[in-house]
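A.B. asks: Order-wise, the sequence lines are chains C and V. If you read the first sequence in the UniProt record's numbering, its first letter stands for residue 1, the second for the next number, and so on. If you read the second sequence in the UniProt record's numbering, its first letter stands for residue 1, the second for the next number, and so on.
There are 2 protein chains.
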Amino acid sequence: MSASLSSCEAPASTDQPVPIVVDWRPFETTDTMTSAGFSENIVHVAWSDSRKTTFDPWWLRDNCLCTRCYLPLTREQIFEIVDAPSDLAPASVVISREAAPSVTSDTVSGPTLNVTWNDGHKSSYPAGWLRAHATDDVSRAERQAKNPRPFIWGAEHANKLRTFDYEHVMENNNELLAWLIALRASGLTLMKNVPTKADSLLGPANRISHIRETNFGRVFDVKSKPTPDSAAYTSVNLPPHTDLPTRELQPGFQFLHCLVNDAIGGESIFVDGFAIAQALRNEHPASFTLLTQTPLWSWNRDDRTDYRWSGPLIALDQNDDISEIRYANFLRGPVDAPTEKMPTLYYALRLFQSMTRDSRFRIERRLTPGDMWVFDNRRVMHARREFDPQSGARHLQGVYVDRDEINSKIRVLQRLLKTQN
Amino acid sequence: MSASLSSCEAPASTDQPVPIVVDWRPFETTDTMTSAGFSENIVHVAWSDSRKTTFDPWWLRDNCLCTRCYLPLTREQIFEIVDAPSDLAPASVVISREAAPSVTSDTVSGPTLNVTWNDGHKSSYPAGWLRAHATDDVSRAERQAKNPRPFIWGAEHANKLRTFDYEHVMENNNELLAWLIALRASGLTLMKNVPTKADSLLGPANRISHIRETNFGRVFDVKSKPTPDSAAYTSVNLPPHTDLPTRELQPGFQFLHCLVNDAIGGESIFVDGFAIAQALRNEHPASFTLLTQTPLWSWNRDDRTDYRWSGPLIALDQNDDISEIRYANFLRGPVDAPTEKMPTLYYALRLFQSMTRDSRFRIERRLTPGDMWVFDNRRVMHARREFDPQSGARHLQGVYVDRDEINSKIRVLQRLLKTQN
Numbered sequence: 001m002s003a004s005l006s007s008c009e010a011p012a013s014t015d016q017p018v019p020i021v022v023d024w025r026p027f028e029t030t031d032t033m034t035s036a037g038f039s040e041n042i043v044h045v046a047w048s049d050s051r052k053t054t055f056d057p058w059w060l061r062d063n064c065l066c067t068r069c070y071l072p073l074t075r076e077q078i079f080e081i082v083d084a085p086s087d088l089a090p091a092s093v094v095i096s097r098e099a100a101p102s103v104t105s106d107t108v109s110g111p112t113l114n115v116t117w118n119d120g121h122k123s124s125y126p127a128g129w130l131r132a133h134a135t136d137d138v139s140r141a142e143r144q145a146k147n148p149r150p151f152i153w154g155a156e157h158a159n160k161l162r163t164f165d166y167e168h169v170m171e172n173n174n175e176l177l178a179w180l181i182a183l184r185a186s187g188l189t190l191m192k193n194v195p196t197k198a199d200s201l202l203g204p205a206n207r208i209s210h211i212r213e214t215n216f217g218r219v220f221d222v223k224s225k226p227t228p229d230s231a232a233y234t235s236v237n238l239p240p241h242t243d244l245p246t247r248e249l250q251p252g253f254q255f256l257h258c259l260v261n262d263a264i265g266g267e268s269i270f271v272d273g274f275a276i277a278q279a280l281r282n283e284h285p286a287s288f289t290l291l292t293q294t295p296l297w298s299w300n301r302d303d304r305t306d307y308r309w310s311g312p313l314i315a316l317d318q319n320d321d322i323s324e325i326r327y328a329n330f331l332r333g334p335v336d337a338p339t340e341k342m343p344t345l346y347y348a349l350r351l352f353q354s355m356t357r358d359s360r361f362r363i364e365r366r367l368t369p370g371d372m373w374v375f376d377n378r379r380v381m382h383a384r385r386e387f388d389p390q391s392g393a394r395h396l397q398g399v400y401v402d403r404d405e406i407n408s409k410i411r412v413l414q415r416l417l418k419t420q421n
Numbered sequence: 001m002s003a004s005l006s007s008c009e010a011p012a013s014t015d016q017p018v019p020i021v022v023d024w025r026p027f028e029t030t031d032t033m034t035s036a037g038f039s040e041n042i043v044h045v046a047w048s049d050s051r052k053t054t055f056d057p058w059w060l061r062d063n064c065l066c067t068r069c070y071l072p073l074t075r076e077q078i079f080e081i082v083d084a085p086s087d088l089a090p091a092s093v094v095i096s097r098e099a100a101p102s103v104t105s106d107t108v109s110g111p112t113l114n115v116t117w118n119d120g121h122k123s124s125y126p127a128g129w130l131r132a133h134a135t136d137d138v139s140r141a142e143r144q145a146k147n148p149r150p151f152i153w154g155a156e157h158a159n160k161l162r163t164f165d166y167e168h169v170m171e172n173n174n175e176l177l178a179w180l181i182a183l184r185a186s187g188l189t190l191m192k193n194v195p196t197k198a199d200s201l202l203g204p205a206n207r208i209s210h211i212r213e214t215n216f217g218r219v220f221d222v223k224s225k226p227t228p229d230s231a232a233y234t235s236v237n238l239p240p241h242t243d244l245p246t247r248e249l250q251p252g253f254q255f256l257h258c259l260v261n262d263a264i265g266g267e268s269i270f271v272d273g274f275a276i277a278q279a280l281r282n283e284h285p286a287s288f289t290l291l292t293q294t295p296l297w298s299w300n301r302d303d304r305t306d307y308r309w310s311g312p313l314i315a316l317d318q319n320d321d322i323s324e325i326r327y328a329n330f331l332r333g334p335v336d337a338p339t340e341k342m343p344t345l346y347y348a349l350r351l352f353q354s355m356t357r358d359s360r361f362r363i364e365r366r367l368t369p370g371d372m373w374v375f376d377n378r379r380v381m382h383a384r385r386e387f388d389p390q391s392g393a394r395h396l397q398g399v400y401v402d403r404d405e406i407n408s409k410i411r412v413l414q415r416l417l418k419t420q421n
C-alpha cells in the first residue's frame, strides 16, 4: 500500500474496532471526535470542543493496544516499534461510534479511532485514551497543569497543616487518600492516637506499601545510645537536616512516632526546605542557581559502612520546579570545587544555613506519646533541640517509605474511589 | 586581628597542633609540605613534589577538624560555617612537624598545617588530609582520574567476565572484595556452587548489606504464575530490559539464583547497556543526545499498584559519562513529547532497540542450578528466551542490592584490608 493514500480511500473493513487490551485506568472523556484523517502521514483528529490533535505515525503504531501488540495476561506491550516497517504510514483513518471490544474485564467507552497501516496491521484507539495522551501543545499543557502543586508553608501556616486520626486512616480508604494527598501537598502531617506500642507505626506505613530499609534497619529506634553511629542517637542539638543525603536516593517520607517523651528538651522543629529554596530563588537568584548546580558531598561512615554521595543542595525537576533538598550539615564532606569558586559558593551556603535558622520558616512542636509526624524527607528538614537524657526517658521510632509508594497508592485509591482530586 | 597579617608574624602559640577528630580513613601521604603562607586570605601550601595548592579560607574554616567543631563521639561536624565571622581571614599559617593529637583512636601522621583565624580560633590539618582534599586544579584532576572506570564489554569479551565461588566469597574478605570490584567494573559476574536451597542468595547479598525491597517482595520467585502481575512471571520471551524503570531509583544490582531449570528454553541473555550507549554516542551522536535528554515514561500497574516514572533512556553523570540505562520496552508508556519531535525520537529509539538485538552485544547462557548471576540492573539489560512450562520446572530467585551498598562495602573492605585497588 502507498503511504499517500488519503482517508477517503479507506477500506470498509477498518470501520470495526479491533479487540484491545486496556489497563486499569478508564480514560473517560466527554469530548467526542468530530473528524479524523491524515496528511503527510500525520494523523489529525478534531474534537467537539474545537481542539485539534495531531499524532505522529510512529507514536500511534507504538501505542497500538491490540491483542497482537499487548499481552492480555499482563497488560504489557509485546510489540517492539523496531519491527514496524521503515516506511510506516497510515493507510486509512476512520472514526467508528462503537467501543473497541476489550479482552480484559475493564470497560472502554466509545467512540474509537481505527487506523489501518500500510502493512495491513489494524489499530483501534478509544477516544478517551487518545485525548488523555495527545501530544499537541494544548493537550500537553493541559496535562502539565494537572500535576499536583506543593503547598509551600512557613511559620504562619502552622494551623493549616492537617492532623489525622490513626483509627480513621487505618479503617477508611477515603481518609487514607485524604491523608496521602495532604502529605504530598504540604510534605508534613501529624497523626494522633497511634498506639504507644513498639512497631505501631508499621500499621499506617503498611497501609501504603513496604518499608525503605537502610543500614539503620527497617524500623529505627531514636534514643541516646552509648556508642552512637549518628548524631541522631545522641542527645545533642540536631540542626535542620534531611536524613541520609549520603544515599543516591534520599529516603522519601519519614514516619516519626513518639512512644515515650519524659525528658526535658528535645522539641521537634520542621522547616519547609521548598519555602527556603523559593525565597532564595526570589531574593538571591545567583546563590540559588549555584546551589542547584554544584554537587556537594555528604558522608556517613562508621566501622562497618562508608556511604558517600555528591549532589546539589537544591534539585530541580524537568520543569525547573524545586523537587528536592539534600542537606545535613553534620554529614557534609569537604566541598570538591575549584578554590576560586569557593567565595560565592560559601556565600550561598551561609545564606541557606542562616535561613534554616530563621523563625519565619520554623514550626516547633513537642512530641507527645501517640503522636506520629510524617514528612517528606526530601523536602522538609527536621531538627531536634538538645535534651537531658538524665531527666527522663525519650523513645521515638522511625521508618521510611519512598515517594514512589505514596504516589502509587494515591493513584490506586483514586481509581478505586473514582475521585480525581 | 587584621586579615592582612602575613605568616611571618604568626604568634608562637600556633606552632602546636590542636587536638582533632579524624574519621576512619588514614589519608596517608608521602608528600610533605615545604612552605605555607597566605595572601589576600588565600592559604598557599607548597609540597615536596613541587605541587602548589591553594585553600579558600571559608573552605578551610568549614573543614576545621578540632574537637569544638567536630563531635568526637560520632565524628560528625557540629560547627556551622554561618557562625564564622563575616570578615573571616587567617591570622597565621604555620607548618609544624608534629602530628595533630587525635581524640579518636585512629592515628594521624604528621606534619600538620596550623591555622589561627582572625577571631582566635585554631585549626590543625594533617598533611595527608589536606593533600587528599585539595581544591587546586591538579589535585582535583588527580582525584577525578582515580575514579573507577567501567569495563565495557560485548560478545567477544564473554571469557573475560569473572566467575566466583560461593564458599570463597562467603569465607574470605579478599575474595568478597575481588568479587565486588569485578562487579562494579563489568556490571556482570557469575557465582558458582550457590546451594540450591531457597533463600541461599541472601548469604552473599547480606555479606554486602541489606536488601532493596520492592512491591514484588524482598526475595522474588521467578516462575510462571497463573495470574501474573509482570511479564517476568509468564513463560514468554522477555526482550533485554532493566528491572523497575518505573521507580525513581531503579534497583542497583540484581542477584538471580537458579534453583531448578528443567524446562526447555528460557536461556538468559545479558547485554551491556553502556556498550550500546557508547556505540550510539560514537556512531549516531544526535540520537544519543536525544536519548539522554528526553524523559520517557515507564509504567507498571496491577490491581494494587500504579507505578510511573519519567526519565531518559540513557543518563549521564556530572562528568558526562554514561551512568545509567533505563529501558524495558514492555513497561514503556506513551511518549509525552511534542508531535513534531517524534520522528527523530523514534529514529533514536528504534536504533537503540535494534542494537539490543545485535549479536555483537549479547552474551547468552543457560542457567544451571547453583548458578547465580549478579548484574548492575542500571547498566546490564537482561533477557530471557521463551520456555515451555510443560517441559519441566524452572525456578529462579532474585533480590536487589543498591549501588550505594556495593560502594560502601568496597570502601570498608579496602580500609580493612589496606588495599587501594
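C-beta: ideal position from N, C-alpha, C; glycine also.
Determine the extent of the beta strand (DSSP E) in which A277/C is found, giving its start and end residues.
C.D. replies: The residue you call residue 277/C lines up with position 277 of the first sequence. Looking at the DSSP string, A277/C is not in any beta strand (DSSP E); the run it does join, the alpha helix (DSSP H), is 273-283.
A.B. asks: What residue from R350/C, W309/C, V271/C, W297/C has the CA that sits closest to S287/C's CA?
C.D. replies: Start at 1 with the first residue of the first sequence, and residue 287/C comes out as number 287. It is R350/C.
A.B. asks: Exposed or buried, what is Q390/C when buried is set at 16 or more other beta-carbons lying within 10 Å of its beta-carbon?
C.D. replies: In the first sequence, residue 390/C corresponds to position 390, counting from 1. Label assigned to Q390/C: exposed.
A.B. asks: Taking the alpha carbon of P369/V as the point to measure from, which residue in A393/V, F375/V, S354/V has its own alpha carbon closest?
C.D. replies: Looking up residue 369/V in the second sequence gives position 369. Among A393/V, F375/V, S354/V, the Cα nearest to that of P369/V belongs to A393/V.
A.B. asks: Run through chain C and tell me which residues come within less than 9 Å of Q353/V, C-beta to C-beta.
C.D. replies: By 1-based counting over the second sequence, the position of residue 353/V is 353. Simply E80, I81, V82, D83.
A.B. asks: Quick one: what does DSSP say P240/V is sitting in, helix, strand or coil?
C.D. replies: Position 240 of the second sequence, counted from the start, is the residue given in the question as residue 240/V. Looking at P240/V - three-state DSSP - the assignment turns out to be strand.
A.B. asks: Is the beta carbon of Q353/V closer than 7 Å to that of E80/C?
C.D. replies: Here residue 80/C corresponds to residue number 80 of the first sequence, with the count starting at 1. Here residue 353/V corresponds to residue number 353 of the second sequence, with the count starting at 1. The answer is yes: Cβ separation under 7 Å.
A.B. asks: Residues of chain C with CB closer than 7 Å to the CB of Y307/V, please, in chain order.
C.D. replies: Residue mapping note: residue 307/V aligns to position 307 of the second sequence, counting from 1. D404, S408, listed in chain order.
A.B. asks: Which of the three DSSP states is assigned to L416/C in this structure?
C.D. replies: In the first sequence, residue 416/C corresponds to position 416, counting from 1. Reduced to three states, the DSSP call for L416/C is helix.
A.B. asks: Can you give me the start and stop residues for the beta strand (DSSP E) that Y347/C sits inside?
C.D. replies: Residue 347/C sits at position 347 when you count from the first residue of the first sequence. Not the beta strand (DSSP E): Y347/C falls in the alpha helix (DSSP H), residues 342-356.
A.B. asks: Alpha carbon to alpha carbon, how far is P295/C from T344/C?
C.D. replies: Here residue 295/C is taken as the residue at index 295 of the first sequence, counted from 1. Here residue 344/C is taken as the residue at index 344 of the first sequence, counted from 1. Cα-Cα distance, rounded: 14 Å.
A.B. asks: Consult DSSP for I78/C and reduce its assignment to one of helix, strand or coil.
C.D. replies: Numbered from its first residue, the first sequence carries residue 78/C at position 78. Coil, per DSSP.
A.B. asks: Which chain V residues sit within Cβ distance under 9 Å of N193/C?
C.D. replies: The residue you call residue 193/C lines up with position 193 of the first sequence. The premise fails here: N193/C is roughly 27 Å from chain V at the closest Cβ pair, so nothing lies under 9 Å.
A.B. asks: How big is the Cα-Cα spacing for A182/C and T32/C?
C.D. replies: Reading the first sequence from its first residue, position 182 is the one you call residue 182/C. Reading the first sequence from its first residue, position 32 is the one you call residue 32/C. If I take the Cα positions, the gap works out to 34 Å.
A.B. asks: I need the boundaries of the alpha helix (DSSP H) containing V138/V, first residue and last residue.
C.D. replies: Stepping through the second sequence from its first residue, residue 138/V is reached at position 138. Where V138/V is concerned, the enclosing alpha helix (DSSP H) stretches over 137-145.
A.B. asks: What does the alpha-carbon distance come out to for the pair Q77/C and C66/C?
C.D. replies: Counted from its first residue, the first sequence places residue 77/C at position 77. Counted from its first residue, the first sequence places residue 66/C at position 66. If you take the alpha carbons of Q77/C and C66/C, they lie about 9 Å apart.
A.B. asks: I'd like to know whether the C-beta of N63/C is nearer than 7 Å to at least one C-beta of chain V.
C.D. replies: Within the first sequence, the letter at position 63 stands for residue 63/C. It does; some Cβ of chain V falls within 7 Å.
A.B. asks: Taking Y346/V as the query, report the chain C residues whose CB atoms sit under 8 Å from its CB, ordered along the chain.
C.D. replies: On the second sequence, residue 346/V is found 346 positions in, with the first residue counted as 1. Residues of chain C passing the Cβ test: D56, W58, W59, D62, I81.
A.B. asks: Does the beta-carbon of N114/C have 16 or more other beta-carbons within 10 angstroms, so that it is buried, or is it exposed?
C.D. replies: Indexing the first sequence from 1 puts residue 114/C at position 114. Classification for N114/C: buried.
A.B. asks: State buried or exposed for S209/V, treating a residue as buried only when at least 16 other CB atoms are found within 10 Å of its CB.
C.D. replies: Walking along the second sequence from the start, residue 209/V turns up at place 209. So S209/V ends up on the buried side.
A.B. asks: Is there contact between the segment 242-258 of chain C and the segment 159-174 of chain C, where contact requires at least three CB pairs shorter than 8 Å?
C.D. replies: At 8 Å Cβ cutoff, the stretches do not touch.
A.B. asks: Which residues in chain V sit within 7 Å of S209/C, going by Cβ to Cβ distance?
C.D. replies: As a first step, residue 209/C must be located in the first sequence, where it is residue number 209. Going along chain V in sequence order, the residues near S209/C (Cβ under 7 Å) are N215.
A.B. asks: Considering only their Cβ atoms, is the gap separating G128/V from T29/V smaller than 7 Å?
C.D. replies: Here the question's residue 29/V lines up with position 29 in the second sequence. Here the question's residue 128/V lines up with position 128 in the second sequence. Their beta carbons are under 7 Å apart, which means T29/V touches G128/V by this criterion.
A.B. asks: Within 10 Å of its beta-carbon, does N377/C have 16 or more other beta-carbons around it, so buried, or fewer, so exposed?
C.D. replies: Within the first sequence, the letter at position 377 stands for residue 377/C. Per the 10 Å Cβ criterion, buried.
A.B. asks: How far does the beta strand (DSSP E) with D306/V in it extend, from its first residue to its last?
C.D. replies: Position 306 of the second sequence holds residue 306/V. Element bounds for D306/V: 306-312.
A.B. asks: Any idea what DSSP makes of K409/C, helix, strand or coil?
C.D. replies: The residue you call residue 409/C lines up with position 409 of the first sequence. It is helical.
A.B. asks: Out of curiosity, what's the CA-to-CA distance linking I410/V and L259/V?
C.D. replies: One-based indexing of the second sequence puts residue 410/V at position 410. One-based indexing of the second sequence puts residue 259/V at position 259. Their backbone Cα atoms lie some 28 Å apart in a straight line.
A.B. asks: Can you look up I211/V in the DSSP assignment and give me helix, strand or coil?
C.D. replies: Locating residue 211/V in the second sequence gives position 211, counting from the first residue. It is coil, neither helix nor strand.
A.B. asks: Name the DSSP bridge partner or partners of H395/V?
C.D. replies: What you label residue 395/V is simply residue 395 of the second sequence in a count that begins at 1. DSSP, once it has assigned bridges, lists V260/V as partnering H395/V.
A.B. asks: Span of the beta strand (DSSP E) holding A91/V?
C.D. replies: Within the second sequence, numbered from 1, the residue matching residue 91/V stands at position 91. A91/V -> beta strand (DSSP E) spans 90-96.
A.B. asks: Whether or not the segment 120-134 of chain V and the segment 57-75 of chain V are in contact is what I'm after, with contact meaning three or more pairs of Cβ atoms, one per stretch, closer than 8 Å; do they touch?
C.D. replies: With a cut-off of 8 Å, the segment 120-134 of chain V and the segment 57-75 of chain V count as touching, because enough Cβ pairs lie within range.
A.B. asks: Residues in its own chain within less than 8 Å of V271/C by CB, not counting five upstream and five downstream?
C.D. replies: Translated into the one-based positions of the first sequence, residue 271/C becomes position 271. Excluding residues within five positions, the ones whose Cβ falls inside 8 Å are P240, T356, F361, R362, I363, V380, M381, H382, A383.
A.B. asks: Do you know whose CA, among S268/V, A134/V, L73/V, N118/V, lies nearest P85/V's CA?
C.D. replies: Mapped onto the second sequence, residue 85/V falls at position 85. Taking only the C-alpha atoms, the option nearest P85/V is N118/V.
A.B. asks: Within 7 Å of any Cβ in chain V, is that where the Cβ of W297/C sits?
C.D. replies: The sequence position of residue 297/C within the first sequence is 297, counting from 1. For W297/C, the answer is no, since every Cβ of chain V falls outside 7 Å of its Cβ.
A.B. asks: For a contact meaning CB atoms closer than 8 Å, what does P72/V contact in chain C?
C.D. replies: Locating residue 72/V in the second sequence gives position 72, counting from the first residue. Ordered by position in chain C, no residue passes the 8 Å Cβ test against P72/V, which lies about 11 Å from the chain.
A.B. asks: Express the C-alpha separation of I152/C and N172/C in angstroms, rounding to a whole number.
C.D. replies: Along the first sequence, read from residue 1 onward, the residue named residue 172/C stands at position 172. Along the first sequence, read from residue 1 onward, the residue named residue 152/C stands at position 152. Rounded to the nearest angstrom, the two C-alpha atoms are 27 Å apart.
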